[in-house]
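In the UniProt record's numbering, the protein residues as written are 1 to 442. Heads up, the beta-carbon is just placed ideally off N, CA and C, and yes, glycines get one too. Please read all numbers here as calculations on a predicted model, not as lab measurements. Step one of this worksheet: look at the structure below.
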Amino acid sequence: MTMRGLSALPLDDDLLDRVMTFCPTFGTLGAMVLASKGFHRVFQTHPKSIMRAVAYNIVGPALPQALRLIRYPHPPPEDPIDMATTCPEDHEPSVMTDDEKKLLQENAEVVQKLENIYSLTTKDRTSKTSLLTSEESWRFRRASYRIMLYCKLFPGNIYSFDELEDLDDVQIAKIRRQRTAVLNEYPTDELLEIFSVVKFIGGIFVEVNGGIDSSDDLDVLLSAGPAGAVSCWEDRDASGLDEDLLNLLDGDENNNLFTGYFSLPFQNIWATRNIKPPKEDEPASKYVLDQVNGANDTCSHCATPGGLALLTQANWDRQQIFSTQLLKAKLKSNQTLTFPFAQAAGNLSDAESLGCFIAGFFAMSRRAPGFEDWEVGQSYCQPCLTKYLEEHAWIWLLEERVKTGWVPPEDCWYGYNCNTQTHKLAHAQQKNHLCVPTRGSV
Ligand SMILES: [Zn+2]
Ligand SMILES: [Zn+2]
Numbered sequence: 001m002t003m004r005g006l007s008a009l010p011l012d013d014d015l016l017d018r019v020m021t022f023c024p025t026f027g028t029l030g031a032m033v034l035a036s037k038g039f040h041r042v043f044q045t046h047p048k049s050i051m052r053a054v055a056y057n058i059v060g061p062a063l064p065q066a067l068r069l070i071r072y073p074h075p076p077p078e079d080p081i082d083m084a085t086t087c088p089e090d091h092e093p094s095v096m097t098d099d100e101k102k103l104l105q106e107n108a109e110v111v112q113k114l115e116n117i118y119s120l121t122t123k124d125r126t127s128k129t130s131l132l133t134s135e136e137s138w139r140f141r142r143a144s145y146r147i148m149l150y151c152k153l154f155p156g157n158i159y160s161f162d163e164l165e166d167l168d169d170v171q172i173a174k175i176r177r178q179r180t181a182v183l184n185e186y187p188t189d190e191l192l193e194i195f196s197v198v199k200f201i202g203g204i205f206v207e208v209n210g211g212i213d214s215s216d217d218l219d220v221l222l223s224a225g226p227a228g229a230v231s232c233w234e235d236r237d238a239s240g241l242d243e244d245l246l247n248l249l250d251g252d253e254n255n256n257l258f259t260g261y262f263s264l265p266f267q268n269i270w271a272t273r274n275i276k277p278p279k280e281d282e283p284a285s286k287y288v289l290d291q292v293n294g295a296n297d298t299c300s301h302c303a304t305p306g307g308l309a310l311l312t313q314a315n316w317d318r319q320q321i322f323s324t325q326l327l328k329a330k331l332k333s334n335q336t337l338t339f340p341f342a343q344a345a346g347n348l349s350d351a352e353s354l355g356c357f358i359a360g361f362f363a364m365s366r367r368a369p370g371f372e373d374w375e376v377g378q379s380y381c382q383p384c385l386t387k388y389l390e391e392h393a394w395i396w397l398l399e400e401r402v403k404t405g406w407v408p409p410e411d412c413w414y415g416y417n418c419n420t421q422t423h424k425l426a427h428a429q430q431k432n433h434l435c436v437p438t439r440g441s442v
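The structure is reproduced here in structure tokens:
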């Protein structure tokens, strides 16, 4: 039935009101209100409750935290207590401006992506989409929005290098009091949720950078918040972050504004509340998740325990890859192959292309001996998956080249083990080395 047809029916106002509250986005609501006089009339009667309902459909039960994030005034008040109590989390229906609707939607997308990553790395490694229960999701999102607000109040790029140098101890102490006051507004159980989500976000920065040199650098990166973490995860590095923030990494050692960005306020609050601090080595699932799936799983090949760190189709892109290093034996030093291999592999710098590349190794018609029963749905430890990729990279390259019309020359007797291919270009060009050796190495 068309919208116009629906509005022509003698539906009572309560029903029209109810229909509008089911809109999944503000765009759908807007179209409905424009398309029918009946909807328009009812919307004008109850704009606050209908908008609130649609906002809830977008954000979920963390809506009060999401609204505070977008409505917090700029610049913020300077007094720590004022800063902590301004624009409290709003549980009442209210009219939303177009800018607010847009920001709400954008932030909801960031938090949804972050939850998907959290679920994949902390809850269940087999699904790219969040498998958190509604209760777990609520805790996670509530904490995420509060972290976003914190990072908005204390951004990493607010001061230039020169301004940072000019900050004296009194000013830094004041900012630290502000940070403590802002977090101190939350009850302890919800503060522990924030602690866990901060730990998870820190873990993203560590993983995509292949480690972090210092806790100060990690503190700077944490100020990029959930949006920064999502961008780093998708890009598999930190280069997409704000340039001013990146400049702070390995920066002036005298600048300690970011030292203990989250950890110092937490320490202050645990001490003031006389609470035993959470342990640093506690998993990021604690305080948010009721259950973790597959925590005791082992590698399908070698039975090494791996839990959530095991690699499977949904999380292959967590594997760090330098493509030409995957070429077997002496092939990685054959210049006539390394370039075509890198070209065929393409740009593996982001998570999506990396996942597709590894998927291709499981879709090959030919398998190396001993790997015939490996399947995409199984989970492997990092060394085993690396071994699988190494044993198949040369076969994959051979298939890819043949697909594009390449006719291999005669096989070299020594195949991928041939030493001559590494230093005699003519030999490397005249013989095919993408083959199993039939004689001992030279
Ligand atoms: Zn293994
Ligand atoms: Zn050879």
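For P278, which residues of its own chain have a beta-carbon under 7 Å away from its beta-carbon, when the five flanking residues on both sides are left out?
These residues qualify, in order along the chain: L192, F195.
Decide yes or no for the touch test of the stretch 264–275 against the stretch 98–112: beta carbon pairs closer than 8 Å, at least 3 of them.
Contact between the stretch 264–275 and the stretch 98–112 is absent, with fewer than three C-beta pairs closer than 8 Å.
Please name the residue or residues paired with residue 457 in a DSSP beta bridge.
The structure shown does not extend to residue 457, since the chain spans only 1 to 442, so no value can be given for it.
Quick one: grab the DSSP three-state call for M3.
Model confidence at M3 stands at a pLDDT of 49, short of 50, so the residue's coordinates are unreliable; what they give is reported in the following sentence. In the three-state DSSP reduction, M3 falls in the helix class (H, G or I).
Answer with buried or exposed for N107, where buried requires no fewer than 16 other C-beta atoms within 10 angstroms of its C-beta.
Buried: at least 16 other Cβ atoms inside 10 Å.
What's the gap between the Cα of E190 and the Cα of V59?
In this structure, the straight-line span from the alpha carbon of E190 to that of V59 is close to 18 Å.
Answer yes or no: do D124 and N296 have a C-beta to C-beta separation smaller than 8 Å?
No. Outside cutoff.
Check your reading: residues with Cβ closer than 7 Å to ligand 1 heavy atoms
Residues with their Cβ less than 7 Å from any non-hydrogen atom of ligand 1, running along the chain, are C299, H301, C302, T304, Y380, C381, P383, C384.
Taking 7 Å as the cut-off, is the CB of C412 close to at least one heavy atom of ligand 2?
Within the cutoff, so yes.
What's the gap between the Cα of E243 and the Cα of R439?
Near 54 Å, if we compare the C-alpha coordinates of R439 and E243.
Euclidean distance between Cα positions of L264 and R176:
Across the structure, L264 and R176 are spaced so that their CA atoms are roughly 8 Å apart.
Just verifying my parser: in three-state terms, what is the DSSP assignment at T312?
In the structure shown, T312 sits in coil (DSSP, three-state: anything other than H, G, I, E or B).
Alpha-carbon to alpha-carbon, M20 and S36
Going from the Cα of S36 to the Cα of M20 covers about 12 Å.
My assumption, with CB atoms under 8 Å, is that H301 sits in contact with Y380. Please give the rounded CB distance.
Contact between H301 and Y380 holds, with the beta-carbon distance rounding to 6 Å and staying under 8 Å.
What does T298 pair with, by DSSP beta-bridge criteria?
DSSP output for T298 lists P305 as bridge partner(s).
Can you give me the C-alpha to C-alpha distance between K387 and A368, rounded to a whole angstrom?
Taking the straight line from one Cα to the other gives about 11 Å.
Between the beta-carbon of N334 and the beta-carbon of Q421, is there less than 8 Å?
Yes. Within cutoff.
Terminal residues of the alpha helix (DSSP H) in which Y380 lies:
Judged by DSSP secondary structure, Y380 falls outside any alpha helix (DSSP H); it is assigned neither H nor E.
Could you say which of Q429, K424, L398, C435 lies nearest to Y414 if we only look at CA atoms?
Closest by alpha carbon: C435.
Would you report the Cα separation of E207 and W233, rounded to the nearest angstrom?
Cα atoms of E207 and W233: separation of roughly 9 Å, rounded to the nearest angstrom.
Of the residues L153, Y118, C151, G306, the one placed nearest E136, counting alpha carbons only:
Y118 is the residue among L153, Y118, C151, G306 whose C-alpha sits nearest the C-alpha of E136.
Alpha carbon of N209 to alpha carbon of D411, nearest angstrom
N209 and D411: Cα-Cα distance of roughly 41 Å.
At a threshold of 7 Å, does K328 count as lining ligand 2 (C-beta to nearest heavy atom)?
K328 has its CB no nearer than 7 Å to any heavy atom of ligand 2.
Inter-residue CB distance, V42 and D82 (contact presumed, cutoff 8 Å)
Their Cβ separation, rounded to whole angstroms, is 40 Å, which puts V42 and D82 out of contact at 8 Å.
So, are the CB atoms of I201 and L222 less than 8 Å apart?
In this structure, L222 lies closer than 8 Å to I201 by Cβ.
Can the beta-carbon of L114 be found less than 8 Å from the beta-carbon of S144?
Yes, these two residues count as a Cβ contact at 8 Å.
Whole-angstrom distance between Q65 and D90, CA atom to CA atom
Straight-line measurement puts the Cα of Q65 at about 8 Å from the Cα of D90.
Just to confirm the assignment, what range does the alpha helix (DSSP H) spanning K199 have?
Looking at the DSSP string, the run of the alpha helix (DSSP H) that includes K199 is 188–208.
Check for me: the alpha helix (DSSP H) holding T86 runs from which residue to which?
In the DSSP assignment, T86 falls outside any alpha helix (DSSP H) and carries neither an H nor an E.
Which of helix, strand or coil DSSP assigns to P277:
Coil at P277, not helix or strand.
The alpha helix (DSSP H) with Q171 in it runs from where to where?
In the DSSP annotation of this structure, the continuous segment of the alpha helix (DSSP H) that includes Q171 starts and ends at 169–184.
The alpha helix (DSSP H) spanning T272 covers which residue range?
Where T272 is concerned, the enclosing alpha helix (DSSP H) stretches over 263–272.
Excluding five sequence neighbours on each side, which residues of the same chain lie with their C-beta closer than 7 Å to the C-beta of T298?
For T298, where only same-chain residues beyond five positions count, the Cβ hits under 7 Å are T304, P305, G306.
For D17, three-class secondary structure by DSSP:
It is helical.
For P76 versus K48, is the C-beta distance shorter than 8 Å?
Note that the C-beta distance between P76 and K48 is not below 8 Å.
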